[in-house]
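J.: My questions will all concern the structure given below.
Following this line, the structure appears as structure tokens:
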């Protein structure tokens with residue numbers, strides 16, 4: 001990875017991810033986010049007994065030992081606050097990267113946040129180590145942070161720190177693994193497994209409801225500052241669709257590069273991302289309009305036949321939920337984005 005980082009079409013050094021979306025628009029989608037049920041419940045005496053043990057968690061930079069149940073947790077990851085809150089963790093520090101919600105917690109996690117008031121300890125491009133230290137954490141979580149080894153060493157001097165696994169590219173750790181590792185770190189592994197099982201069950205139910213998604217093709221692209229990006233299967237936005245049965249076309253898949261969740265493409269390569277469903281992240285509505293006006297883009301069958309999900313509206317909840325793709329945000333997508341893309345597949 002280079003410093004010119006993109007996060008699932010939302011982020012680059014130029015600020016590709018500075019999105020907005022309003023509480024009013026989100027809540028208009030209904031109360032479907034409660035489908036995970038009693039998120040704060042679960043776990044029994046056996047789990048409580050194990051939570052007092054010392055746990056060793058392997059990761060990209062070695063391993064971290066965690067004793068007991070961490071009472072004060074900091075999230076330096078871009079999306080780790082969601083599973084921390086879903087698992088009943090006490091969040092004292094959080095990263096703000098877009099959305100400008102109070103305490104950097106989006107509507108789908110407000111119930112889990114409750115009356116907690118975490119401090120902002122990191123921005124879109126950097127971690128404020130002094131701010132992290134000032135909230136006196138017992139655990140620092142950065143599975144979705146892309147932290148460097150130097151960041152890890154600095155944070156580890158403050159508290160036990162969890163960076164990303166080396167099994168996936170940075171920012172490509174699946175939501176299941178993100179939830180599972182954080183659950184183990186918090187001493188709530190059984191609870192994490194239960195939440196994962198529930199949401200995987202929702203995916204299965206959705207696939208049964210929309211069998212036409214199986215084998216349909218999808219491509220996720222992003223645009224910002226005149227540049228275009230294709231998001232590989234290692235990106236969490238793309239994997240949301242493949243988990244539903246979608247696949248990349250051979251031409252689109254051939255754009256992928258090992259170890260990268262996103263690759264820059266030229267407009268001459270647009271034809272290679274043509275799919276049954278095309279998902280387009282844009283940094284701003286203006287850049288979406290520029291994309292729509294692009295002659296080569298306009299030649300795609302997905303564009304001509306209105307099978308494109310455009311995500312640039314700062315009030316579009318799908319924009320935020322697909323950007324996060326976590327244990328708490330994904331149910332919103334299953335309820336609100338899937339019916340739209342299923343209709344596109346039927347028309348392909």
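Numbering (UniProt numbering), first residue to last: 1 to 348. Just so it is clear, CB atoms sit at the ideal spot from N, CA and C, and this is done for glycine as well.
Hey, which unbroken runs of the alpha helix (DSSP H) at 4 residues or more fall wholly within the stretch 61 to 132?
T.: Within the stretch 61 to 132, the complete alpha helix (DSSP H) runs of at least 4 residues are 81 to 86, 110 to 113.
J.: Since residue 158 and residue 141 are thought to touch, with beta carbons under 8 Å apart, how far apart are those beta carbons, to the nearest angstrom?
T.: Against the chain shown, residue 158 aligns to sequence position 158. Against the chain shown, residue 141 aligns to sequence position 141. With 8 Å as the limit, residue 158 and residue 141 do not qualify as a contact, their Cβ atoms being about 13 Å apart.
J.: Determine the direct distance from the alpha carbon of residue 334 to that of residue 176, and round the result to whole angstroms.
T.: The residue labelled residue 176 in the question sits at position 176 within the chain shown. The residue labelled residue 334 in the question sits at position 334 within the chain shown. Approximately 16 Å between the Cα atoms of the pair.
J.: If residue 242 sits next to residue 233, beta carbons under 8 Å apart, how far is it from one beta carbon to the other, in whole angstroms?
T.: By one-based count along the chain shown, residue 242 stands at place 242. By one-based count along the chain shown, residue 233 stands at place 233. Yes, they are in contact, since the Cβ atoms of residue 242 and residue 233 sit about 6 Å apart, within 8 Å.
J.: Cα separation between residue 336 and residue 342?
T.: One-based indexing of the chain shown puts residue 336 at position 336. One-based indexing of the chain shown puts residue 342 at position 342. If you take the alpha carbons of residue 336 and residue 342, they lie about 11 Å apart.
J.: Under three-state DSSP, which class holds residue 303?
T.: Taking the first residue of the chain shown as 1, we reach residue 303 at position 303. Three-state result, residue 303: helix.
J.: Please name the residue in 95, 186, 295 whose C-alpha comes closest to that of residue 160.
T.: Along the chain shown, one-based indexing puts residue 160 at 160. Residue 186 is the option with its Cα nearest to residue 160.
J.: Roughly how many angstroms separate the alpha carbons of residue 127 and residue 81, rounded to a whole number?
T.: As a position in the chain shown, residue 127 is number 127, starting the count at 1. As a position in the chain shown, residue 81 is number 81, starting the count at 1. So the two alpha carbons sit approximately 15 Å from each other.
J.: Measure the CB-CB distance between residue 223 and residue 289 and report whether it falls below 8 Å.
T.: By 1-based counting over the chain shown, the position of residue 223 is 223. By 1-based counting over the chain shown, the position of residue 289 is 289. Not in contact: residue 223 and residue 289 (Cβ atoms no closer than 8 Å).
J.: Compare the Cα-Cα distances from residue 196 to each of 339, 328, 53, 332 and report the closest residue.
T.: Your numbering for residue 196 matches position 196 in the chain shown. Comparing Cα-Cα distances from residue 196 to each of 339, 328, 53, 332, the minimum goes to 328.
J.: Have a look at residue 116 and residue 190 and give me their C-alpha separation to the nearest angstrom.
T.: For this step, residue 116 is matched to residue 116 along the chain shown. For this step, residue 190 is matched to residue 190 along the chain shown. Their Cα atoms are separated by approximately 24 Å.
J.: How far does the beta strand (DSSP E) with residue 262 in it extend, from its first residue to its last?
T.: Locating residue 262 in the chain shown gives position 262, counting from the first residue. 262 to 265 is the span of the beta strand (DSSP E), which, as asked, contains residue 262.
J.: May I ask which residues mark the beginning and end of the alpha helix (DSSP H) holding residue 191?
T.: Taking the chain shown and counting its residues from 1, one reaches residue 191 at position 191. That run of the alpha helix (DSSP H) goes 189 to 209.
J.: Note down, in chain order, each residue of its chain lying with its Cβ closer than 7 Å to the Cβ of residue 291, except the 5 sequence neighbours on either side.
T.: Position 291 of the chain shown, counted from the start, is the residue given in the question as residue 291. The residues are 223, 280, 282, 297.
J.: List the endpoints of the continuous beta strand (DSSP E) containing residue 183.
T.: If you number the chain shown from 1, residue 183 lands on position 183. Where residue 183 is concerned, there is no enclosing beta strand (DSSP E), although the alpha helix (DSSP H) it sits in stretches over 175 to 186.
J.: Label residue 323 either buried or exposed according to how many other C-beta atoms from any shown protein chain fall within 10 Å of its C-beta, with 16 as the threshold for buried.
T.: Here the question's residue 323 lines up with position 323 in the chain shown. Residue 323 comes out buried.
J.: Let me check understanding here. Comparing Cα to Cα, which of 192, 285, 179, 308 lies closest to residue 273?
T.: Against the chain shown, residue 273 aligns to sequence position 273. For residue 273, the nearest C-alpha among the options comes from 308.
J.: Starting from residue 354, trace the beta strand (DSSP E) both ways and give me its first and last residue.
T.: Since the first and last residues shown for the chain are 1 and 348, residue 354 lies out of range.
J.: On the three-state DSSP scale, how would you describe residue 287?
T.: Within the chain shown, numbered from 1, the residue matching residue 287 stands at position 287. Correct three-state label for residue 287: helix.
J.: Just to confirm, are residue 207 and residue 214 a CB contact at a threshold of 8 Å?
T.: By 1-based counting over the chain shown, the position of residue 207 is 207. By 1-based counting over the chain shown, the position of residue 214 is 214. Yes, Cβ-Cβ distance for residue 207 and residue 214 is below 8 Å.
J.: Where do the ends of the alpha helix (DSSP H) carrying residue 297 lie?
T.: Within the chain shown, the letter at position 297 stands for residue 297. Where residue 297 is concerned, the enclosing alpha helix (DSSP H) stretches over 295 to 298.
J.: Taking its Cβ as the centre, do 16 or more other Cβ atoms sit within 10 Å of residue 347, making it buried, or is it exposed?
T.: Here residue 347 is taken as the residue at index 347 of the chain shown, counted from 1. Flag for residue 347 reads exposed.
J.: Have a look at residue 118 and residue 144 and give me their C-alpha separation to the nearest angstrom.
T.: Stepping through the chain shown from its first residue, residue 118 is reached at position 118. Stepping through the chain shown from its first residue, residue 144 is reached at position 144. Residue 118 and residue 144: Cα-Cα distance of roughly 18 Å.
J.: Could you give the C-beta distance for residue 73 and residue 84, rounded to a whole number, given that I count them as a contact under 8 Å?
T.: Working through the chain shown from its first residue, we reach residue 73 at position 73. Working through the chain shown from its first residue, we reach residue 84 at position 84. Indeed they touch by this definition, with Cβ atoms about 6 Å apart.
J.: Opposite residue 310 in the DSSP bridges: which residues?
T.: Taking the first residue of the chain shown as position 1, residue 310 is located at position 310. BP columns for residue 310 point to 280.
J.: Can you tell me where the beta strand (DSSP E) with residue 56 in it begins and where it stops?
T.: Walking along the chain shown from the start, residue 56 turns up at place 56. Note, residue 56: beta strand (DSSP E), 55 to 59.
J.: Would you identify the three-state DSSP class for residue 213, choosing helix, strand or coil?
T.: Start at 1 with the first residue of the chain shown, and residue 213 comes out as number 213. In the structure shown, residue 213 sits in a helix (DSSP, three-state: H, G or I).
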